[in-house]
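In mature numbering (1 follows the signal peptide of the UniProt record, and there is no 0), the protein residues as written are -18 to -1, 1 to 131.
Where a beta carbon is used, it is the ideal one built from N, C-alpha and C, also for glycine.
Scroll down for the structure; my scribbles are underneath it.
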Amino acid sequence: MKHICLSLLLLCSLHAQAEVTIVEPWVRTTAPGQKVAAGYARIVSDKDVVLVSASSSHADKVEVHEMLMDDGIMKMRPLQRLELKANTPVELKPSGAHLMLIGIKSPVKVGDAIPLTLVFEDGQAVQESVSAVFNGRAVSHQGMEHHAH
């Protein structure tokens, strides 16, 4: 009987986790010697969730940052939490909330697949392979721009 109750509790807790989807993730390419990279995406959840951390094997650490205007000066600051409301997409974008990959291990080049893990307050970890693009645009092998992502 204990095993049945434990199994039911586990099944209920698995069902209670939100379904989080990362849409069109991308990271900006970097110059040689650059130690930070910025990542962007649209994140959607079917339930209210809170993003509490992120990580990547390509960087020493990953932080969620936001850009804000302060006395006419654009400033960036880290966020400890990023709340997502059910079925309301959150845009991680240039000049807004975004991911900062700090202490990158090597330059990010067009076509690189950067591993990224987002961790939510409920313990859920969502893993994604993020494409590296030049200034938010895909680039062909000939260096021509294709389309915006």
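Going by beta-carbon coordinates alone, are P89 and S111 separated by less than 8 Å?
no
Compare the beta carbon distance of A68 and D94 with 8 Å and say whether it is the shorter of the two.
no
Would you be able to state if there are at least three C-beta pairs under 8 Å between the region 52 to 59 and the region 17 to 26?
no
Sort V92, V115, Q16 and I25 by Cα distance to A41 and report the nearest one.
Q16
If I follow the unbroken beta strand (DSSP E) through residue 170, where does it start and stop?
There is simply no residue 170 to check, as the chain begins at -18 and stops at 131 in what is shown.
Which word fits T12, buried or exposed, when buried means at least 16 other C-beta atoms lie within 10 angstroms of its C-beta?
buried
Return helix, strand or coil for H128, following the three-state DSSP convention.
Reliability of the predicted coordinates at H128 is poor, the pLDDT of 32 falling under 50, and no value is obtained from them.
For P7, is the classification buried or exposed, using 16 other Cβ atoms within 10 angstroms of its Cβ as the cut-off for buried?
buried
Sequence-distant residues of the same chain with beta carbon closer than 6 Å to K75, five excluded per side:
Y22
In three-state DSSP terms, what is V90?
coil
From L64, F102 and F116, pick the residue whose C-alpha is nearest to that of H47; which is it?
L64
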